[in-house]
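Trainee: Going by the numbering used here, the first residue of the sequence shown is number 38, and it counts up by one from there.
We treat Cβ as the ideally placed atom computed from N, Cα and C, and that holds for glycine.
Computed from a predicted model, the values in this text were never measured in an experiment.
One structure is given below, represented as C-alpha cells, and several questions about it will come after.
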Amino acid sequence: MRLLSLEVSNLRNLQSVSLLPHPNTNFVIGANGSGKTSLLESIALLSNGRSFRTPDSKKLIRHGSDQLVVFSAIESEHSGKHRVGISKSGKGITSAKLDGKLQQKVSALAKVFPVISIETNSMELIEGGPSLRRSLLDWGMFHVEHRFLEIWGQYRAGLKQKNALLKSGKKVNTTELQHWNRVIAHFGERLDIERTQYCDALIEQFGRIRHDYFESELEIQFRYRPGWDKATFVTLEQCLSEKMESEIQRASCLYGPHRADLDILWNGSLAKDICSRGQKKLVLYGVRLAQIAYMMRKTGVSPILLLDDLPAELDEKNINNVIRFLKEFPCQTFITAISDQSITQEMLSAFEEHKMFHVEHGTFEEIR
Ligand SMILES: Nc1ncnc2c1ncn2[C@@H]1O[C@H](COP(=O)(O)OP(=O)(O)O)[C@@H](O)[C@H]1O
Ligand SMILES: [Mg+2]
Numbered sequence: 038m039r040l041l042s043l044e045v046s047n048l049r050n051l052q053s054v055s056l057l058p059h060p061n062t063n064f065v066i067g068a069n070g071s072g073k074t075s076l077l078e079s080i081a082l083l084s085n086g087r088s089f090r091t092p093d094s095k096k097l098i099r100h101g102s103d104q105l106v107v108f109s110a111i112e113s114e115h116s117g118k119h120r121v122g123i124s125k126s127g128k129g130i131t132s133a134k135l136d137g138k139l140q141q142k143v144s145a146l147a148k149v150f151p152v153i154s155i156e157t158n159s160m161e162l163i164e165g166g167p168s169l170r171r172s173l174l175d176w177g178m179f180h181v182e183h184r185f186l187e188i189w190g191q192y193r194a195g196l197k198q199k200n201a202l203l204k205s206g207k208k209v210n211t212t213e214l215q216h217w218n219r220v221i222a223h224f225g226e227r228l229d230i231e232r233t234q235y236c237d238a239l240i241e242q243f244g245r246i247r248h249d250y251f252e253s254e255l256e257i258q259f260r261y262r263p264g265w266d267k268a269t270f271v272t273l274e275q276c277l278s279e280k281m282e283s284e285i286q287r288a289s290c291l292y293g294p295h296r297a298d299l300d301i302l303w304n305g306s307l308a309k310d311i312c313s314r315g316q317k318k319l320v321l322y323g324v325r326l327a328q329i330a331y332m333m334r335k336t337g338v339s340p341i342l343l344l345d346d347l348p349a350e351l352d353e354k355n356i357n358n359v360i361r362f363l364k365e366f367p368c369q370t371f372i373t374a375i376s377d378q379s380i381t382q383e384m385l386s387a388f389e390e391h392k393m394f395h396v397e398h399g400t401f402e403e404i405r
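So this is what it looks like as C-alpha cells:
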C-alpha cells in the first residue's frame, strides 16, 4: 500500500498542505507545535475515520474553518490505484469518498487503505482498559479475515437489541431475551473462534519478531480472555442462559466477546503493572510489528506505518531493530522528528530511499 499524494486542508494548523510522499520512507522534521503529528493524524483519519488523539473530531478542524478535508491518491497491492477522501464538518458530519463515490460507511476506506500508527497515545494499549486491545484485535481481523465484519455486525446488532431490552425499565420478557441470547451466542461463538485464531497467529508472529529483531529481550506472554468463563460453561449459549437472572438484575450484557481482553504479561504479571516505560514501548512496537508481519504474510498487503517522533521514543539499538524489521517487511513509513540531527546516519543509510520534509507553522517543504 502506498500513498502517492496527500492533500490536507484545515486540519489543526495545516491550512493547505500538498505532498508527494516517497513510496518508502518519509522523514518529517519540525519544531514542537509545527504540525508533524497533525500530518500523521490526517493520514490516520483518512483510513480510520477518526483521530488517534481525540474522539471529538471537531477539535481537528482548524480554528476559524467550518470543514476539514483530507484527500489522497493511493496504490494498493491488489486493486491498483484509488482516490480516497474524507471530510468532517463543524456540525459533526463525516463523509467518506472512494473513487469519487460517497460511502455509507467510513470502514470502506479502511478496507482499501490500512494504516498503523505508533504515537504517544498508543501506550494506552498496554496501560489502558480492554476496549483498546479488543480494537487492536478487531482491526487486525478486519484486514485479514474477510468474514469478520459480517459476523461482528450481526453480533453487534443482537447485542444492541438485548441491551435495549435489558434497559427498557419494564419487566423483561424472557422469551425475547432468550431469542437474543441465541443470536448473540451463535455469532459470539464464531467471533470467538476467529479471534482466538487471530490471537494465536499474532502470538506466533510476535515470537518470531522477538527472536529475529529484539534478541529475545521481550519476556512477553499473551493470554486471550474470551469474555466468559469457558472452564465453567462449555458454550456461550449455556453461559448466557445460566446467567440470565444476573444480567436482568444488572440490566447489562455481561458476557460475550464484547467483554473480551488480551492480557499482556511480562514474566507472568500484567505488563502494565511491572514494566518500565521503555519496556512497555518495546512491547507496543513488538505487537504492532507482529500485526504488520501477519498482515503482509497473509494478504500480501503492507499497511502504511506512522511513527511519531521515533528518535525520542526508542533508544538507538531498538530503532535499528525496527529498521531491520522494515527491511524485511517494507512499508511506506512516515517518521517524524524534532530535528534532522536525531535522524542518525544509520537511519539514513538504512532508509536510503527516502524523502525528507521540513515543516514550520503548518507549511511543508521537501528538503531532500
Ligand atoms: N483546531 C486547531 N486549529 C488550529 N491549530 C490547532 C488546532 N489544534 C491544534 N492546533 C495547533 O496545531 C499545531 C500543531 O500541532 P502538532 O501537529 O501536534 O505539532 P507537532 O507534532 O509538530 O509538535 C500546534 O501549534 C497546535 O496548537
Ligand atoms: Mg507531535
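Using CA coordinates, which residue listed in K142, S313, K199 and G122 is at the minimum distance from K134?
Mentor: Taking the sequence shown and counting its residues from 1, one reaches residue 134 at position 97. Among K142, S313, K199 and G122, the Cα nearest to that of K134 belongs to G122.
Trainee: Can you tell me whether G67 is buried or exposed? The criterion is at least 16 other CB atoms within 10 Å of its CB, across all chains shown.
Mentor: Taking the sequence shown and counting its residues from 1, one reaches residue 67 at position 30. Burial call: buried.
Trainee: Let me check understanding here. Comparing Cα to Cα, which of V106, E284, W265 and P92 lies closest to S55?
Mentor: Walking along the sequence shown from the start, residue 55 turns up at place 18. For S55, the nearest C-alpha among the options comes from V106.
Trainee: Out of V209, E402, V149 and L273, which has the shortest C-alpha to C-alpha gap to L341?
Mentor: One-based indexing of the sequence shown puts residue 341 at position 304. Here residue 341 turns out to be Ile, not Leu, going by the sequence shown. Nearest of V209, E402, V149 and L273 to I341, Cα basis: V149.
Trainee: Would you grab the beta carbon distance between L97 and K125 for me? Rounded to a whole angstrom, and I think it's under 8 angstroms.
Mentor: Position 60 of the sequence shown holds residue 97. Position 88 of the sequence shown holds residue 125. Right, the Cβ-Cβ distance comes to about 7 angstroms (below 8 angstroms), so this counts as a contact.
Trainee: Please determine, among R405, K280 and R227, the residue with the shortest C-alpha to C-alpha distance to Q215.
Mentor: Reading the sequence shown from its first residue, position 178 is the one you call residue 215. If we check each option's Cα against that of Q215, K280 comes out closest.
Trainee: Heavy atom of ligand 1 less than 7 angstroms from the Cβ of K128, yes or no?
Mentor: Stepping through the sequence shown from its first residue, residue 128 is reached at position 91. Incorrect: K128 has no Cβ contact closer than 7 angstroms to ligand 1.
Trainee: Going by DSSP in three states, N406 sits in which element: helix, strand or coil?
Mentor: Not covered by the structure: residue 406. The range shown for the chain is 38 to 405.
Trainee: If contact is defined by three or more beta carbon pairs under 8 angstroms, each pair taking one atom from either stretch, is the stretch 350–365 in contact with the stretch 313–323?
Mentor: yes
Trainee: Determine whether the Cβ of R325 lies closer than 8 angstroms to any Cβ atom of chain D.
Mentor: Judged by its chain identifiers, the structure shown contains no chain D, having just a single protein chain.
Trainee: Hey, would you say the C-beta of D346 is under 7 angstroms away from at least one heavy atom of ligand 3?
Mentor: No copy of ligand 3 occurs in the structure displayed; its ligands are ligand 1 and ligand 2 alone.
Trainee: My assumption, with CB atoms under 8 angstroms, is that I221 sits in contact with A327. Please give the rounded CB distance.
Mentor: What you label residue 221 is simply residue 184 of the sequence shown in a count that begins at 1. What you label residue 327 is simply residue 290 of the sequence shown in a count that begins at 1. Contact flag wrong, Cβ pair sits at about 30 angstroms.
Trainee: Should Y331 and L202 be called a contact, given that it needs their Cβ atoms to be closer than 8 angstroms?
Mentor: As a position in the sequence shown, residue 331 is number 294, starting the count at 1. As a position in the sequence shown, residue 202 is number 165, starting the count at 1. Against a cut-off of 8 angstroms, the Cβ pair of L202 and Y331 comes out as no contact.
Trainee: Following a CB-centred definition, is K392 positioned closer than 7 angstroms to any heavy atom of ligand 2?
Mentor: Counting from one through the sequence shown, the residue named residue 392 turns up at place 355. K392: no, Cβ never under 7 angstroms from ligand 2.
Trainee: Taking 8 angstroms as the threshold (C-beta atoms), are E274 and E231 in contact?
Mentor: Along the sequence shown, read from residue 1 onward, the residue named residue 231 stands at position 194. Along the sequence shown, read from residue 1 onward, the residue named residue 274 stands at position 237. For E231 and E274, no; Cβs fall outside 8 angstroms.
Trainee: Please work out which residues of its chain come closer than 8 angstroms, Cβ to Cβ, to F259, disregarding the five sequence neighbours upstream and downstream, and give them in chain order.
Mentor: Position 222 of the sequence shown, counting from 1, holds the residue named residue 259. Counting only Cβ-Cβ distances below 8 angstroms, and skipping sequence neighbours, we find C236, L239, I240, F243, L299, D300, I301 and L302.
Trainee: Give every residue of the same chain whose Cβ lies closer than 6 angstroms to the Cβ of E114, excluding the five residues on either side of it in the sequence, and list them in chain order.
Mentor: Taking the sequence shown and counting its residues from 1, one reaches residue 114 at position 77. Cβ neighbours of E114 beyond the five flanking positions: G337 and V338.
Trainee: What whole-angstrom Cβ distance do A81 and S154 have, given they're in contact under 8 angstroms?
Mentor: Here residue 81 corresponds to residue number 44 of the sequence shown, with the count starting at 1. Here residue 154 corresponds to residue number 117 of the sequence shown, with the count starting at 1. 5 angstroms between Cβ atoms; contact.
Trainee: Are there three or more Cβ pairs, one per stretch, closer than 8 angstroms when the stretch 83–98 is compared with the stretch 386–405?
Mentor: no
Trainee: I think T381 touches E353, with their Cβ atoms under 8 angstroms apart; what is that distance to the nearest whole Å?
Mentor: Position 344 of the sequence shown holds residue 381. Position 316 of the sequence shown holds residue 353. The pair is a contact, with the Cβ atoms about 7 angstroms apart (cut-off 8 angstroms).
Trainee: Whose CA, out of F185, I188 and E213, lies closest to the CA of Q198?
Mentor: Indexing the sequence shown from 1 puts residue 198 at position 161. Ranked by how close their Cα comes to the Cα of Q198, the residues F185, I188 and E213 have E213 in first place.
Trainee: If you scan the stretch 46–106 from start to end, which runs of the beta strand (DSSP E) of 3 or more residues do you find wholly inside it?
Mentor: 51–56 and 62–66
Trainee: Is the beta carbon of I380 within less than 7 angstroms of some heavy atom of ligand 1?
Mentor: Numbered from 1 along the sequence shown, position 343 holds the residue referred to as residue 380. It does not: the Cβ of I380 is nowhere closer than 7 angstroms to a heavy atom of ligand 1.
Trainee: Around the Cβ of D346, are there at least 16 other Cβ atoms within 10 angstroms (buried) or fewer (exposed)?
Mentor: Stepping through the sequence shown from its first residue, residue 346 is reached at position 309. With a threshold of 16 other beta carbon atoms within 10 Å, D346 meets it and is buried.
Trainee: What are the residues that DSSP puts in a beta bridge with E403?
Mentor: Counting from 1 along the sequence shown, the entry for residue 403 is found at position 366. Beta-bridge annotation (DSSP): E403 is paired with F394.
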